[in-house]
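Report on the structure given below.
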Amino acid sequence: MLHVDLDAFFAAVEQRDKPSLRGKPVVVGGVGVRGVVSTASYEARKYGVRSAMSTAEARSRCPHAAYLGPRFEVYRQSSRAVMAEMRALSPLVEPLSLDEAFIDLAASGLTGLTVDDVEAIANDLKTAIRKVSGGLTASVGAGTSKLIAKIASDLDKPDGVVVVPAGTEAEFLAPMQVTVIPGVGPATTQRLNLAGVRTVADLQQLDEDELIRQIGSAHGSSLYRLAVAADERPVVSDRETKSVSVEDTFETDLIDRAVLTLISDRMAHRVGERLRKAQLSGRTVTVKTRMHDFTTHTRSSTLAGPTDDPRVIARVARRLLEESDLGGGIRLLGVGVSSLADWIQDDLFTEEEFAAAESAGSVEVVELPSRPRDQRGYHPGQDVEHAEHGRGWVWGSGRGRVTVRFETAETPPGPVRTFSVDDPALTKVVHAGADADGEPQTDHNGPGE
DNA sequence: CTTATTACCTGTCTTTGT
DNA sequence: ATTCACAAAGACAGGTAA
1 MLHVDLDAFF
11 AAVEQRDKPS
21 LRGKPVVVGG
31 VGVRGVVSTA
41 SYEARKYGVR
51 SAMSTAEARS
61 RCPHAAYLGP
71 RFEVYRQSSR
81 AVMAEMRALS
91 PLVEPLSLDE
101 AFIDLAASGL
111 TGLTVDDVEA
121 IANDLKTAIR
131 KVSGGLTASV
141 GAGTSKLIAK
151 IASDLDKPDG
161 VVVVPAGTEA
171 EFLAPMQVTV
181 IPGVGPATTQ
191 RLNLAGVRTV
201 ADLQQLDEDE
211 LIRQIGSAHG
221 SSLYRLAVAA
231 DERPVVSDRE
241 TKSVSVEDTF
251 ETDLIDRAVL
261 TLISDRMAHR
271 VGERLRKAQL
281 SGRTVTVKTR
291 MHDFTTHTRS
301 STLAGPTDDP
311 RVIARVARRL
321 LEESDLGGGI
331 RLLGVGVSSL
341 ADWIQDDLFT
351 EEEFAAAESA
361 GSVEVVELPS
371 RPRDQRGYHP
381 GQDVEHAEHG
391 RGWVWGSGRG
401 RVTVRFETAE
411 TPPGPVRTFS
421 VDDPALTKVV
431 HAGADADGEP
441 QTDHNGPGE
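Quick note: the first sequence, position 207, residue 207 per full-length UniProt numbering, numbers continuous.
Right, dumping it as structure tokens:
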């Protein structure tokens, strides 16, 4: 496997496009009062400027650098060209961000390679990248797993190649600080240090149960395996999106609820648009607030069915914002949607579609049984309509409840909901097809029609 | 002083299935 | 057909990390 990392990517693109910046310190990131550094060129790094540092601190460390806002469209374009070169080498490429990706060479039949073979492949790739990107350089790590490739790519930056021979993985890792392992950040490092663990060798000697007690079961068992270089994680291209969100830090803290409501509405619309563009919809709406002291709070609410409707997202976000304590004002507001489904809301019948289907004779509507509290009125396979959840069909009934699955023949199964048989919002019972035996009649007898 | 976006984990409650 | 107990699953909020 290869891990490819473009060197100081955003800054390098700016230097490529503006020759006067070459050889000079360049800092790309937020340029406002609350901006942070995305990328510093190697010239700027000499002054101690680092990613994630506040722009204010970077300015004091390196006042004569060029400070530029990011041009994501340009970076995306170069990224696409570089990723295409990788895919020419092997179809199995997993981008981690605009400037980073894993490549599984075995997926294109490149197996049984010597260290020299891999080095040659990496150098050829770097040449190809330089050619299609207008001179960008990359650092490449290679090894028998994602973990080793990722760590190796960091060892000889910029413009380096490091190949770790098969069989030497554990000894390669042993002398390194635990912080080199992806997933071990400041919090985990501190907990490990308290347990006397500083290097991977220390970690290799620790008891797994002890490790799990210190840092939790999921993290503990995966870290335990990574420490001995046991890493079977596959390279996965086309990973599925699991959430979509928008957030913004304000120049000054905001407290006015009317202002924040308008901002929330705009954010909800942007999220909805992005969901629609990606043909996604989701059930959970989350509002995020960051207080002046940087504490962060989230409030979320889950709908019965997925939506991509900006108005629905905005309405829920408004309510969540109302329930949020703004304290002395907030520095950040965010709106997101998660619990994504790959099928969209209009799989559920709208009122218009229902009426059209009805007049076309493909469905007939009958009155609810005269004793609506009698669950014998619902049979498996019957179609029903619920005021809030749309149209679905009866999955089962009993114990005073009727279970409805919302789906159509063409879609994956929708959510199953259980209602009390006397739920007034459970309105229409529909017999699909021609053999409905009750007298066909249009009727609704509940609220919410 | 401390971005934007996404993913994933955990503890605690609540809901739902059997 | 109804009730009860228990387990599994889901919802929520916060934390960690890249």
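Just so it is clear, CB atoms sit at the ideal spot from N, CA and C, and this is done for glycine as well.
Exercise. Enumerate in chain order the residues of its own chain whose CB-to-CB distance from Leu320 is below 8 Å, with the five nearest sequence positions on each side excluded.
Key: Its chain contains Val285, Thr286, Val287, Arg299, Ser300, Ser301 as the residues whose beta carbon lies nearer than 8 Å to that of Leu320, once the 5 sequence neighbours on both sides are disregarded; these appear in chain order.
Quiz prompt | Counterpart residues of Glu100 in DSSP-defined beta bridges | solution = According to DSSP, residue pairing for Glu100 in a beta bridge involves Asp5, Ser97.
Self-check item: DSSP-derived helix/strand/coil call for His297
Solution: When secondary structure is reduced to three states using DSSP, His297 falls in the strand class.
Self-check item: Boundaries of the alpha helix (DSSP H) in which Thr289 is found, first to last residue
Solution: For Thr289, no alpha helix (DSSP H) encloses it; the enclosing beta strand (DSSP E) starts and ends at 281-291.
Quiz item: Are the stretch 68-77 and the stretch 47-60 touching by the rule of at least three beta carbon pairs closer than 8 Å?
Solution: By the criterion of at least three beta-carbon pairs nearer than 8 Å, the stretch 68-77 is not in contact with the stretch 47-60.
Practice problem: Whole angstroms is fine: what's the gap from Ala40's alpha carbon to Val82's? | Solution: Going by C-alpha positions, Ala40 is about 20 Å away from Val82.
Exercise. Identify whether Leu254 lies in helix, strand or coil by the three-state DSSP scheme.
Key: Collapsing the DSSP output to three states places Leu254 in a strand.
Quiz prompt | Rounded straight-line distance, which links the Cα of Ile215 to that of Glu208 | solution = Distance between the alpha carbons of Glu208 and Ile215 is about 11 Å.
Quiz item: Going by alpha carbons, who is nearest to Gly329 out of Gly336, Asp238, Thr289, Ile263?
Solution: That would be Thr289, whose Cα lies nearest to the Cα of Gly329.
Self-check item: Status (buried if at least 16 other CB within 10 Å, exposed otherwise) for Ala29
Solution: Note that residue 29 is Gly in the sequence shown, not Ala. Its Cβ being crowded by 16 or more others within 10 Å, Gly29 is buried.
Quiz item: Contact between the stretch 268-279 and the stretch 305-315: three or more CB pairs below 8 Å?
Solution: Counting Cβ pairs under 8 Å, three or more are found: they touch.
Practice problem: Take the Cβ of Ile255 as the centre, count every other Cβ of all protein chains shown within 10 Å, and call the residue buried at 16 or more, exposed below. | Solution: Label assigned to Ile255: exposed.
Quiz prompt | Selected residue, minimal CA-CA separation from Lys277, among Asp231, Thr241, Leu206 | solution = If we check each option's Cα against that of Lys277, Thr241 comes out closest.
Practice problem: Just grab the DSSP bridge partners of Thr68 for me. | Solution: For the record, residue 68 in the displayed sequence is Leu; it is not Thr. According to the DSSP secondary-structure assignment, Leu68 is paired through a beta bridge with Val28.
Quiz prompt | Exposure label - Gly141; buried when at least 16 CB within 10 Å | solution = By the 16-neighbour rule on beta-carbons within 10 angstroms, Gly141 is buried.
Self-check item: Top-ranked residue by Cα proximity to Val178, from Glu169, Ser133, Val163, Leu226
Solution: Of the candidates Glu169, Ser133, Val163, Leu226, the one whose C-alpha sits nearest the C-alpha of Val178 is Leu226.
Quiz item: What residue range is occupied by the uninterrupted alpha helix (DSSP H) comprising Thr127?
Solution: Where Thr127 is concerned, the enclosing alpha helix (DSSP H) stretches over 115-133.
Quiz item: Since Arg331 is in the alpha helix (DSSP H), which residue starts that stretch and which ends it?
Solution: In the DSSP assignment, Arg331 falls outside any alpha helix (DSSP H) and lies within the beta strand (DSSP E) extending over 330-341.
Practice problem: Whole angstroms is fine: what's the gap from Leu326's alpha carbon to Thr296's? | Solution: Rounded to whole angstroms, Leu326 to Thr296 spans 11 Å at the Cα level.
Quiz item: By how many angstroms is the C-alpha of Asp104 removed from the C-alpha of Val235?
Solution: Spanning the two alpha carbons is a distance of roughly 6 Å.
Self-check item: Segment limits, alpha helix (DSSP H) that includes Ser51
Solution: Counting along the chain, Ser51 sits inside no alpha helix (DSSP H), nor does DSSP assign it H or E at all.
Self-check item: Same chain, Cβ closer than 8 Å to Thr249, neighbours up to 5 away in sequence not counted
Solution: Excluding residues within five positions, the ones whose Cβ falls inside 8 Å are Arg34, Arg290, Arg331, Leu332.
Practice problem: Express the C-alpha separation of Glu323 and Ile151 in angstroms, rounding to a whole number. | Solution: It is roughly 44 Å from the alpha-carbon of Ile151 to the alpha-carbon of Glu323.
Practice problem: State the beta-bridge partners of Asp248 as determined by DSSP. | Solution: Within the DSSP bridge table, the entry for Asp248 names Leu333 as partners.
Quiz item: Quick one: Cα of Ser338 to Cα of Ile263, how far?
Solution: CA-CA distance, Ser338 to Ile263, rounds to 20 Å.
Quiz item: What are the start and end residues of the beta strand (DSSP E) that includes Thr39?
Solution: Run containing Thr39: 37-40, per the beta strand (DSSP E) assignment.
Exercise. Assuming Ser281 and Ala341 form a contact by the criterion Cβ under 8 Å, report the distance between their Cβ atoms to the nearest whole angstrom.
Key: Contact flag correct, Cβ pair sits at about 6 Å.
Quiz item: Which residues bound the beta strand (DSSP E) around Ala142?
Solution: Element bounds for Ala142: 138-142.
Self-check item: Close beta carbons around Val27, own chain, < 8 Å, minus the five adjacent residues each side
Solution: Excluding residues within five positions, the ones whose Cβ falls inside 8 Å are Ala11, Val37, Thr39, Ala40, Ser41, Ala44, Val49, Thr55, Ala58, Cys62, Ala65, Ala66, Tyr67, Leu68.
Quiz item: Leaving out the 5 sequence neighbours to the left and right, which residues in its chain are closer than 8 Å to Val74 when beta-carbon positions are compared?
Solution: Same-chain partners within the cutoff: Val13, Asp17.
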